[in-house]
Each structure stands twice: as structure tokens, then as C-alpha cells.
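The structure appears right after this line, and notes come after that.
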Amino acid sequence: MRKFWCGFFIFWPIAAVVYSAVSPQFNWWFPGPSVTELGQRIDNLFYLILIIVTAVFIGTQVALGYVLWRASHSKAERAWFTHGSHNLEVIWSVVPSVILLFLALYQMDVWALFRVQSFFPKEALNAPVAEVTARQFEWRIRYPGLDEHGVPKKLHLKPQPDDLYTVNDLHVPIGRPVMINLRSDDVQHSFFLPHLRIKQDAVPGQIIPIWFKPERQGNFDLACAELCGWGHYKMRAQLIVEREVEFQAYLQKLRADQNYDGHATPSAVAKKDE
Amino acid sequence: MHDDHSHHEHPKYALIFAALCVFTLISIMADVVQLPYAVKVVAVLSVATCKALCVLAWFMHLKFERAWKYVLLAPTTILALGLPLALMPDVGEHYYTQEVPQMDDYAEHLEHRKHAAEHHGEAEPE
Amino acid sequence: MSHAPSHAVPPIKMGLAIPNSKLCMWLFLGTEIMFFTAFIGTYMVLRLGSKGWPTDPEVTHIRVAAGGINTFVLILSSYFVVVAHEAMSLKNFEKARAFLKWTFALAVVFLGIKSYEYYGKIDHDILPGHIAENDQQAKYKVLKESEKAVAWRLDQLVSKAKSLNAFEKLPEPANDPSKLRKALVDAAGKLKGSDKPAEAAAAEEFKEFDEPDAADPSKSTMFSRFKAMKKDIQSETVPLSEIQHQLEGLKSNEQWGFVFKSVHEPHPILYGNIFASCYFLMTGFHALHVIIGMILFAIVLKQPKLEGWHDFVENSGLYWHFVDLVWIFLFPLLYIV
Amino acid sequence: MSATGVALEHGHDHDHAHGAHGHHELSFVKKYVFSTDHKMIGMQFLFTTLLMMMVGGALALGVRWQVAFPWTSMPLFGPLFAESGGQISPEFYTMLFTMHATVMIFLVIIPVLAGAFGNFLIPLMIGADDMAFPVLNMLSYWFMIPAIACFGLSFYFGGAAAGWTAYPLLADIRAAAPSSGSAQTFWLLGVTFVGVSSMMGSVNYMTTIINMRAPGMTLFRMPLTIWAMLITAILQAFALPVLTAAGFMQVFDRLDFGGPLEGIHTVFFIPAGLVVNNADPTVGGGQPLLWQHLFWFYSHPAVYIMLLPAMGMVSDMLACMCRKPVFGYKPMVFSMSAIAGLGFIVWGHHMFISGMNPALGMTFMLSTIMIALPSAVKVFNWIGTIWGGRLQFNTVTLYCAAFISMFIVGGLSGIFMAAVPVDIYFHDTYMIVAHFHYVVFGTTLFGVFAGIQFWYPKMFGRKMNETLGKWHFFLSFIGFNGAFFPMHMLGIAGFPRRYADPYIHPYLEHLMPLNQFITVSAIIMGFGQFLLLYNFGTSWFLGEKAGRNPWGANGLEWSAPSPPGHGNFDVPPVCYRGPYEYSNPNNPDQDFWMQTDPPKSKKKPEGDAGHGH
Ligand code: HEA
Ligand code: HEA
Ligand code: CUA
Ligand SMILES: [Cu+2]
């Protein structure tokens, strides 16, 4: 029985490591490589921590298995009588604390880049692309109106008459930093873009800027990650990253649809506008 | 269960009481006399702290207790000061734009009215 | 049994040289400090984090004098507790009892002054959740309250009409206000010439709900003037001062002004609700502690003999000083700053 | 409070008078229901929490069923909520996990550690005949009953549905979660009752531990369990009032939401001008983040309240099972204190993404990561304790080893989340769910299982069955890891928590089979718990009779009869040495040396724990 239980405590960490190692093959892993560079840096941090943690995990579990095996097979009449070792205590306090301190300090700049406004790319900070307002249970999106050349105006904090609106469908251009003003109408929500590794709570009464620089075209999921009521799970929207021209065209189509007077077909209006 | 220290020198409770009354008067005076706001705040809060210390030391006999009082009161004191301090950067100040439509509009509107009133040289309405 | 002195046991008392009850009281006060820290800290940061805060005593109905007197009252009561405890130590129980009675009486005074202050706030409807924060809300508040008042008056008159059998037939459906109003006006016509004074008076009252031509203001009734005000409020362009004026007009009517007695003077307070929330929360919980303290003293005072109650008095005293201590901070924070 | 406090002490003296006057039989009610005996109260807590664990577990299985097999009717339990043919509606799902967490945290983990083991062990281990204030102690149990009733009522009224964290505005504004009208208010009242109960318990424990130790029981001769209980009590006493205060604020915010300017309610967490569910804009001026701060100011220390006592107990049990002193007694004490101290300044790590000031995010990251340090010291010391011991693989050992092993996993996943940038991605995903189940179930509950097995003989005078215990361990361990280890992968895949039907999101579709595996494992683990209950119940009558000291342990509790009578000790205990003098060469007769054994000779020095050799 001793052997069985020692094996048990040695076997399970091995199983855990093996399981983790094969998980990416089964797609039980990140939903694809990050779409933003910042997300890539988050992934890198994740892998760095994963390495440290795996080492610690294996080290401690092996040590645990080993001492269990030794102690349960001990032939000595008496256990080793010791109350501890000062030197060991110092070693195993100092070594982890160095590692931990390094970890803590090493990540500061990614965080600063993501959240501290003075680190935001200037061009994004001054020209938010859209305002996203969360409410039970949808995402309302407001783009600034377009000027006579079809170029987006500046986004005002307060709604303007010529603003463009959509729901659950956020289009952004690729290749340049995009800033979004995040708001909430009712309760807290959270703006979660798993493929971009971005998450930020929307807090009623606050306007929180988020920026990201998408580097891959495509449709990505936008989910809500803060419990906001029974429909929390169904606050599903999509983020569509497209080329600048497509994006501009999209905004124009939006304007056309919004100005549609009910007579011409919408696409006809769009054509007329172009 | 009579503790041994109940026969210490009788502190002059009446004196402490008088001091507390004086402190109270000072804080009321601080309100009556027109002081700059910051000065007033600092003044009344320090007076309150003095009063609190008087009550703690003499009325609550802490002056006559042994060292346990430090062990017992230090954590609470630190936490009691720390909690509001820790809330400051988030609730007392705002990193992000606060948006309170009703109030913002109204505050602006009041501001306008005040300016208008000054302009016309008449008393503020209300 | 294990406390029974056994000679084999070296008589070492572990722990602190204070009674368990006192230790426990101090620990409990530690938790109480954290409890009030949460409230006071909340108040401070919320206030600092707001762009405005009502401080004008005309608006907030905060009376420094009342607060100051209450501070004095609590300090004095604290003093009495301390000398009561002193007297208990000296086994001078009757003196202690007298001092405790004073403490109790002062606690009553404190609560009295507090309720007077609360009364003032309630009277002016400075209650959390009730306060208009801008002109628009203030106007709508007037509307809501006067609608309620008018409905109340309608109810009253309908029952009166019923008791006088003044209705020819009950309107259908019986709860439609416009029908009821019409029925009242009809009833007024019917009763007008009655020789019974009660009926004649009632007829006058029923006319309040008449809706004469708007063209002639001299013929206006209670209801028509209420409707005029309602229209003004709903148009959202008439300034608050005008509404205020109209409301005053309504209230000052000799005949039926009392109907609008329950309508509060509209005065919007920027950040008034959060202010009132903090005020009532802190003073309310403090008052609750005062009441608990009074119960403690009442227990002592009920005892025929105070012998053996020394520790109890000491501990309730500690508690009472703590209550005093909280007020020492609440006073400047709420009344002065 | 002081009234009770003081009066209680009088009552206590009174009890003694009874004892001295001879055999005064207590009535059934006094002995088993409104008992003031700490052992009976501890047992009452234990029974209640075990029962509640089953309730909470059943709720968890409901949660699991929905996540794995959404919109299908649940077997066995389906008929209980059969409005929708046994299907779990999203509203019901929200309420299920809220109540699951509420029951597990407020009615299982916290009371089983402080309430059950704290009550049973503190007086016995420090050599007191009872708590300092027995009546207060009794009240602290009886305040759990209205708490349970309130949570039950909350259930009845549709269930609180804002998560166990009850974030405003979802929890604050009635219109935001219409189904939880009065349910949320009852939930808050329940939490308040639990709070009062814990507060009563904690001041009592502190007083008892500080002032009622047996002669010779100096601070550094106290078993680590007692240290842990003392530190836990301090945490509770100073953190809990803040939650109680915040709870009151939320109750007052919820008082009446008849619409703006109607009905009186406060606005602490309600900003002005919100449009909730198309109602009129709110009046306000409050701030939702305030609640999160106040809540976590308590609830982060609370996670250590849920852990430290188990850590202390495991240290004691490990030493006994290995016949070896605890490695580094004083470092253990200091690291527990450090965990408690740091525990007060890390609460913001739950709020990294909440819209709080980014500077706070950095500060909290630093303190959070540093809290791994004392935890590391503890892990290494446990391993050091086993190292060179003479170990027997009985059930207690197995649970303790699992405790260490699982704590490492749960703690290490905490490191990912403590790193703010990484938490941007992991916050509110199943990574968090995996993390805290590893620490609360994998660690604490395994510690509790060990404690039950270890102290059962002291409680009932009989040992629990080893074979059943091992089967329970096996099923729990396998089921637990099968259920919760894959959740890390779900977290990495970005699977958000609190989702009634995650699969409407395309990027989560392929995770359904993994979830089904998790659910099957959870069911295995769940049914494993019946073995525990069965073993617990039957050993009461069938278990092998145990003497005073069946494990050959050192603590004072083992010198009392099993089960101890009223007043605990037949011989007033005196403490002569530290609690971990196993295999001391100065004591050639036995490999243990009870704290109560008088010294053999006056000259030979004896080790106090903590003095290195
Ligand atoms: C008993 C309960 C318990 C315990 C002990 C812990 C311990 C820790 N927790 Fe956990 N936590 C919870 C219960 C607990 N937690 C719960 C319930 C939640 C979710 C609440 C909710 O949202 O519903 C949560 C959430 C939570 C979050 C928030 C995540 C989010 O919502 O985004 C974070 C973030 O930092 C965190 C971190 C930590 C850390 C760093 C520790 C550390 O104390 C761990 C320290 C231990 C170790 C690190 C392992 C041993 C050490 C070594 C072997 C040494 C070497 C190690 C290194 C060098 C790395 N926890
Ligand atoms: C001590 C705390 C504790 C414990 C022990 C558990 C135990 C379990 N938890 Fe718990 N859980 C939490 C605390 C805990 N949990 C918290 C705090 C949350 C967060 C909630 C929130 O988001 O607000 C959570 C959330 C949570 C979720 C996430 C829900 C979501 O976000 O959508 C899941 C999902 O799998 C889950 C599963 C489980 C399972 C399978 C168990 C298993 O270990 C249970 C095993 C079963 C038993 C121990 C009992 C056996 C009973 C039976 C077999 C039924 C028989 C019944 C009767 C006789 C009545 N839990
Ligand atoms: Cu919106 Cu969750
Ligand atoms: Cu935490």
C-alpha cells in the first residue's frame, strides 16, 4: 500500500503536466495567437510565468513525493529529531522572493501600456474611433458623424445629431491604434475580446478608454465578462477588423442606412452618397 | 474580579472634562469665524483628534494600562487610517472621466445663472 | 472544576492581567472602530470624489448649534460615567447610581436633540432618494406631490358626497377621476341651494373640481389652477421660480390652500441624495449605539444592589466613551467641514 | 454586547458552581440544543456544515449540469425545479451559482474551520475548561440559524442572482435583476447574520486564547492550530465589520426603488442618471466601485480565514503522523502572521479590470505577488516536516499530503492572476474558478477531512473507518482533479465564468466535451462525499474504541478523556514543553512527549519548539 500511495502522489503531477502539454493539440488553449502586439506580450508573460510555475510545481511535487517515499519507507527506529534549520529558512525565503520581485517588476510596463493614459499612443488618445455603451444585454456602438469629405469627425463625449449607431457589431480599421470609449448605461459589464487579450469593465458613471492595435483581419468575438444579470451570457457581439478603406466604406454605408428615408433602396442611397 | 490597578492616582476627570468643552468651543468658533476652508478643515480635525486622545487616555484609562494597549490598538488604528487612504485614489479622485449627466448639466446651468446674475448686478435667484 | 485551586499546579496565570470581560470589550471596540471606519471613510471619499456637496445650512438644515450642544451633552455624560466608575471602585454605590442616572438622562437629551434635527430634515423632505438634484426633477417632484394631494382631496370629497347622498348616480367606472370630478361638479349644482348649511358648504367644496373657462382667471378653481401648473411643468420651459410662485399661490388660497400643504417647497440640491444618505447612515448608526448604551445603563440602574457590578459599569463605560468618541469625529465632519 | 459579554461571564462562573456541587444532570435541551459547552457547539457547527456541504454540492452539480449539457433536463434533481421541464433557465443558473458560492463560503468553509474546529479545539488545546464566554459562544452558533433561514428565504423569493460578490448596480437596483427583488435583500441579511456570528466567535476566541491558557502554555508553546485560530480571529474581527457596514449600505440602497423621488433609499453605490431597464433615470451621486473595495477589503482576508486554520491543523497532524517536530515552528508562526498582514493590503487584485486607478493596480500586484512568499515558506516547511519522518500512510496522512499538493497548484495559479497584465485576460474566466476551487476545496476541505479523521476519536471516543476513509480520499482526489484541473485549460481558452450557455459564442463551441468530462468527474467526487457521511455516521457506533491518545500525539487535548466530559480535563493540565516533541532523544520511552508530562529530571534541558537543534 505504501508503494501505491507514494506512486499516487508522484503519478498525479506527471499526469497533470502531460495533460497540460497535450492540451494545445486539442485546442484547449488560447483561441489562436493574439491579434494585437500587446496581447502577444501578455502571452509571453503568461509563458514566462508558466515556465517558472511549472518548474516550481515539478520541484515541489517531486520533493513532496520523495519525502513521502523516504518517510514511509524509513527503517529508523526514531524519526529525525530536528526543529528546523535557520539556513534553509533563509534560503527558501530569499530565493522565491527574488523570483517574485522580478516577476512583479517585469510586468509593470505592459500594464502601463494597457491602462495608463500617458502611455497610450498619442494618435489614438486624441481620436477615439467609437464609443461602446454596454447595457442589459447588448453593446451599443456610436461612431462620430462624417464630414463632407466622408471623413469621421471628432467623437464627442455627448451624443451629436449626426452620430452613427449600430448594435453588437463593432468595426475597426487594421494596423493603427484604435481607441474606444467604454461606457455603461445600467450595471457593470466587461468588454472582453479574447482574441485580442483585452478586457475592461464598463462602469456606470465613468468613461473608460481602451486602446488596441489589431494586426490581423477577421471576425472576432466580443463577450461580456462581468456578471450583469440573467442575460450575461448572451451579450454576444463581434469585432470586425478590416482594412481602412473597408472601414470607411462601412461608415458611409451606416450613414446611408441611417439617412434612409424609406423610399429608395438603402444601397441606392449609399451609391448616391459615394 | 477587581483589578489591581483601580486604585491608581485619581486623574482629574473634571479637568479633562473642561478641556473637552474648550475643544468643542474651539471647533464651533472655527465654524463661526470665517477661515479659509483648508485651515478650517485641518483645525477642526486636529481638535477632534485631541479630544479623542483625551477620551482614550483618561476616560478610557488607556494611560494607565500596560503594553497590551499598543498590541491591541495598533492594528485597528493602522487599518482605520489605511482604508480611507486606500479608497482615495479610486473613489476620492477619478482617473477616468466621470460622467453624471443630470448633475453635470445642472451644475453648468447653475454656473451660468450665477454668471448672469453677476453680470446684471442682481442677487442670485433663490 | 479545573479552576479549583489544585496544589500540584504552579499558580501561573497566563495571559494579560485584565479580566476577560474587559479584554473582550476592548477587542469588540476594535471591531466597532472598523465598523465606523467604513462609514466615515466612505463619507470622506464620496464627498471628495463628488464635484459638489451641499454645505449651505439653509439648504441642508444642518444646525451647528444643535450639533455643538449634543457634543457637549455627550462629553458631559461621558464624564458622569467615568466618575460613576470611580465611585464604584470606591464602593460608593449610591453615588455611582446617581451619576449613572445623570448619564442616562443626558443620553435621552442627546436623542431628543437628534430627533429634533431629524424632524427638521423630514419636514423639508431632505431624505435620501427624495431629493431633486436639478430644476427639472424639482418641478416634477412638485407635480407628483400635488397630483397626490389633489387625488387625496378628490377622495375626500367623493366620500363626503356619498355620505350626503349627493350623487344622482355613481359614475361608471367608479374609480375614473375625471368622471368623479364631473359628478362632484354636478352634485355641487344640486346642493347649491340646499337650506342645510352642511350641504351648502359641501357644495362650495365640490366646486373646487370645477373646470371653468381658462379665459377668465378670476373664475379659476383649485383644479383649474392645478392643471395650469401641471401644464407649465410639463412644458419643461417654464423656469422653476415660476412654478414656485404658482405653488405658493396655490398654498395661500384661503379656501383650499390646505390641500397642498403636503407639497414640499421645491428646492433642488446638487448631490443632495448622497449627502442625505451619508448623514442619516452615520448619525443613525451612532444613535443606535446610543440606544444600546442606554439599555446597558438601564440594566445597571434596575439592579437593587450595585455590588458586584463594578466590571459591568467599567465595560459599559468603555463602550459609552467609544460612542462619545465616534461623535467627536462625526461632529466636525458632518456639521462643520 | 458588553452586557452579554459580562453577564455571560457570570453565567460561566455559575456553571462551575454546578460542577462543584456534584452531578447535576443537564436537561436534553440544555445539553444538546442550547448547549454552552464548547464541544457540543463545535459539533453542532460540524453537523450543520457537513449538511450544508451537501446542499452546496448539490447546487454545484446543478451548475455543472447546465454548463455541460445546456438546456437539457437534469436527472434526479430536475423535478425539483420543474417549471421548465427540469431545464435550468438562465435566471435559475445565475441564482444556482450565487447560492452555491454563498452556501459553500458562508455556511461551509468559514464555519467549519472557525466554528467547528475552532470551538472544539481551542479550549482543549490550550487547557481551558471552556471558552471565555460560553453563552456568547452558544449565541454565535444560534446566529447561524437565522442566516440559514435568510438564505433559504432568498432561495424562496427567486434567489439572489448577483454572484456571491453582489456587485452593485446589479445587486443594488431592483430593476436590474427583477427576479431577485427581496431575494437579494434577504441574502444581505443572511450575510449580516453570518457576520454577527463570526464576530461573536472571533472576540471570544481571541479572549480565550489570550487569557485562558493553562499554566505553562506560553505563546510559543501553543500548537500551530491555536496560532492559526488566533490569527484568523484577528482577521475576522478587523475585516468583517467593514463588510457588515457595506452590507448595510447596500440594504439601504435597496430599500425602495419606486422610481426617482419616490420611496426612500440611499444612493451610496448609485450614480445619477442611469437608465436601468427603461425605468426613469436614477437619482444618485454614489459610486459602484466603492462596494467592490469594501467587499474585497473583507473578502480577501476572508480567503485566508478559509485557509489559515486548515494550515495550522495540517501542521499539527503532519507532525504527529511523521513522529517528527514541525520543521521551523517559528517561521510557520511568522509566515502565518505575514499572510494575515499582507492579506489586508492585497484586496485590489480582484479589481484589476474593474476600472480602478491603474496606479493602484500596480501596488496591489506587488503586494499580491509578495504574499506567495510566506506561503512558500509554509509549503517548504511542511515538506521539511515530512523529510526524515517515520510515516504511516493512514487516511490522515493522505489528506494532509493532498492538502499540500493541492495548495501548490491553487497557489501557483494565483500567481498568473496576481500578474496584472495576465489577469487582463484571465479575470472572470474559468482560470479563476479553477484557482479558487483548488484552494478552497482542494486545500481547505482536504484539511478539514483530515481534521475530522484525526480528531474524531476525541469527539466521539471511537476511530473512523480507515478503509472507507481511503476510498473517500481516492474518489475525492480523483474526482476533484478531474473536475478542476481541466478548468485551467478552459480559462486559457478564455471561457468566461457565470455563463449559462457559453456555446452561443463561436470561440467556445468546441469546449463542450471537456466540460462534460468535468461534470462527470464532479459527479464522481460528489458521490464520494456520501462515503464520508456514511463513515462519519456509522463509526459513531461501530468504530474502534479509542483511548485518550490514540495517535500518540502531544497536545493537551489528548490528555483529556475521549470524549471529554463537562469541563474537559479530569486532571487540570499543566504545560511543560512545546507541542511537537516527537522522537525527542531526551525521552527514551516513547517517540512522543505530551505537553502535560512532567519533566523527567530537572537538569536536562528540553527543547521548546522553535529553538533549532
Ligand atoms: C482559500 C482561499 C484562497 C487562497 C489561499 C488564495 C490565495 C491566493 N490567491 Fe486567490 N482567490 C480565492 C481564494 C483564495 N486565493 C477566491 C475564492 C477567488 C475568487 C473570488 C471571486 O471572484 O469569486 C480568488 C481570486 C484571486 C484573484 C483574482 C482574480 C480575478 O478575479 O481576476 C487573484 C489575483 O491576484 C488571486 C491571487 C491569489 C494569490 C496570489 C494567492 C496566494 O496566497 C497563493 C500563494 C501560494 C503559492 C504561490 C503556492 C506555494 C508557493 C510555492 C510552492 C513557492 C514558490 C512559488 C513561486 C516562486 C511562484 N486570487
Ligand atoms: C468552499 C467553497 C466551494 C466549494 C467546496 C465548491 C465546490 C464545487 N464547486 Fe464551486 N464555487 C465557489 C465555491 C466553492 N465551490 C465559489 C465562491 C464560486 C463563485 C460563484 C460566483 O461566481 O459568484 C463557485 C463557482 C463554481 C462554478 C462556476 C460557475 C460559473 O461561474 O458559472 C462551478 C462550475 O463548475 C463550480 C463547481 C463546483 C463543484 C463541482 C464543486 C464540488 O466540489 C462539489 C462536490 C459535491 C459535494 C461536496 C456534495 C455532494 C452532494 C451530492 C452528490 C448531492 C446530494 C445532495 C443532497 C443529499 C442534498 N463552482
Ligand atoms: Cu453584460 Cu455581462
Ligand atoms: Cu484575493
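Sequences listed follow chains H, Y, L and P, in order. Per our numbering, the first sequence starts with residue 1, numbered consecutively. Per our numbering, the second sequence starts with residue 1001, numbered consecutively. Per our numbering, the third sequence starts with residue 2001, numbered consecutively. Per our numbering, the fourth sequence starts with residue 3001, numbered consecutively. Where is the CB? At the ideal position from N, CA and C, for every residue including glycine. Here the structure is a predicted model, which is why all the values come from computation and not from measurement.
- Counting only residues of its own chain and dropping the five nearest sequence neighbours on each side, T166(H) has a CB closer than 7 Å to the CB of I141, L254.
- Within 10 angstroms of the beta-carbon of E3091(P) lie 16 or more other beta-carbons, which makes it buried.
- Shown here, F2209(L) sits in a helix according to DSSP, grouped into three states.
- Every residue whose Cβ sits closer than 5 Å to any heavy atom of ligand 3 is listed here in chain order: H189(H), C224(H), C228(H), H232(H), M235(H).
- Look at L2270(L) here: in three-state DSSP terms it is coil, with no helix or strand label.
- Bounds of the beta strand (DSSP E) holding F192(H) are 189–193.
- Under DSSP, C224(H) takes part in a beta bridge, and its partners are F191(H).
- Y1096(Y) has a beta carbon lying within less than 7 Å of a beta carbon in chain H.
- Between E1099(Y) and chain H, the shortest Cβ-Cβ separation is below 7 Å.
- For chain P, the residues of the stretch 2260–2285 of chain L that bring a beta carbon within less than 7 Å of one of its beta carbons are Y2271, N2273, I2274, S2277, L2281, in chain order.
- Under a criterion of Cβ atoms nearer than 7 Å, the residues of chain L adjacent to N3211(P) are, in order, G2015, L2016, N2020, L2023.
- Between M2294(L) and chain P, the shortest Cβ-Cβ separation is not below 7 Å.
- Rounded to the nearest whole angstrom, the CA to CA distance from D2195(L) to E2254(L) is 24 Å.
- A check of alpha carbon separations from L3412(P) across F11(H), R183(H), I49(H) identifies I49(H) as the nearest.
- Taken atom to atom, the span from the alpha-carbon of F3484(P) to that of G2293(L) is near 51 Å.
- Along the stretch 1055–1068 of chain Y, the positions whose C-beta sits under 9 Å from a C-beta of chain L are V1055, L1056, W1058, F1059, M1060, H1061, E1065, R1066, W1068, read in chain order.
- The Cβ of P1089(Y) sits closer than 7 Å to at least one Cβ of chain P.
- Spatial neighbours of F3069(P) in its own chain (CB-CB distance under 8 Å, excluding positions within 5 residues in sequence) are listed in chain order as Q3516, T3519.
- With its beta carbon at least 7 Å from every one in chain P, M1029(Y) lies outside the interface.
- If you check the CB distance, A3161(P) and M3229(P) do not come in under 7 Å.
- Shown here for S3179(P): same chain residues with a beta carbon closer than 7 Å to its own, the five before and five after excluded, namely E3091, G3158, A3161 in chain order.
- Counting C-beta atoms within 10 angstroms of its own C-beta, Y47(H) has fewer than 16 neighbours from the protein chains shown and is therefore classed as exposed.
- Burial state of R2181(L) is buried, judged by a 10 Å Cβ sphere holding 16 or more other Cβ atoms.
- The beta carbon of I207(H) lies closer than 6 Å to those of N181, R183 in the same chain, with the five residues before and after it left out.
- Taken atom to atom, the span from the alpha-carbon of E3466(P) to that of W5(H) is near 14 Å.
- Ranked by how close their Cα comes to the Cα of S3539(P), the residues I3523(P), Q3453(P), G3479(P), N3549(P) have Q3453(P) in first place.
- For R140(H), the enclosing beta strand (DSSP E) stretches over residues 138–143.
- Judged by the Cβ position, G3547(P) fails to qualify as a neighbour of ligand 2 at the 6 Å threshold, every heavy atom of the ligand being at least this far.
- Distance from the Cα of P177(H) is smallest, within the candidate group D43(H), V241(H), A256(H), I58(H), for V241(H).
- Between ligand 2 and the CB of G3494(P), the shortest heavy atom gap is not smaller than 6 Å.
- Rounded to the nearest angstrom, the Cβ distance from D221(H) to P204(H) is 24 Å, too far for a contact under 8 Å.
- Scanning T3429(P), I3369(P), S3315(P) for the CA closest to the CA of K3378(P) turns up S3315(P).
- A distance of 7 Å or more separates the beta carbons of L3136(P) and S3198(P).
- Listed as beta-bridge partners of L170(H) by DSSP are L239(H).
- M3406(P) has its alpha-carbon roughly 30 Å from the corresponding atom of L3556(P).
- The beta carbon of V3303(P) sits closer than 6 Å to at least one heavy atom of ligand 4.
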